Amino acid sequence: MAKSSPLTSYRLTEHSRMQMMRRQISENDVAKVLSNPEQWEFVREGRIVYQSHIQHGSPTKTFLLRIFVDVDREPPEVVTVYLTSKISKYWSG
996 MAKSSPLTSY RLTEHSRMQM MRRQISENDV AKVLSNPEQW EFVREGRIVY QSHIQHGSPT
1056 KTFLLRIFVD VDREPPEVVT VYLTSKISKY WSG
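Heads up: the sequence shown begins at 996 in this note's numbering, then just goes up one per residue.
Written out as structure tokens, the structure reads:
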């Protein structure tokens, strides 16, 4: 994985909005990660996963916020969003 240029223009799909609500992930957290991801990688042609560490929950813990984006359309579409505590599984470097 490497650093990515900021992604400031995108569309949240209905599925991604439902997952954000269900998983209690704010649009602000998504915007922060997409505008300044710590890492990103191509999942397949046209789809990138952006990810960054965030503090979440009560009491707060460190999670990895992973955001899957279809970049082969205009504007790019956020497909799904989730938090994981399995940071070492997905973190490169």
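Beta carbons are placed, not taken as given, at the ideal position from N, Cα and C, and that holds for glycine.
The structure displayed is predicted, hence computed values, not measured ones.
- Assignment of Leu1029 by DSSP, reduced to helix, strand and coil, places it in the helix class.
- Between Ile1043 and Val1076, the gap from beta carbon to beta carbon reaches 8 Å or more.
- Assigned with DSSP and collapsed to three states, Arg1012 falls in helix.
- By the 16-neighbour rule on beta-carbons within 10 angstroms, Trp1035 is buried.
- The alpha-carbon of Leu1060 is positioned some 9 Å away from that of Gln1050.
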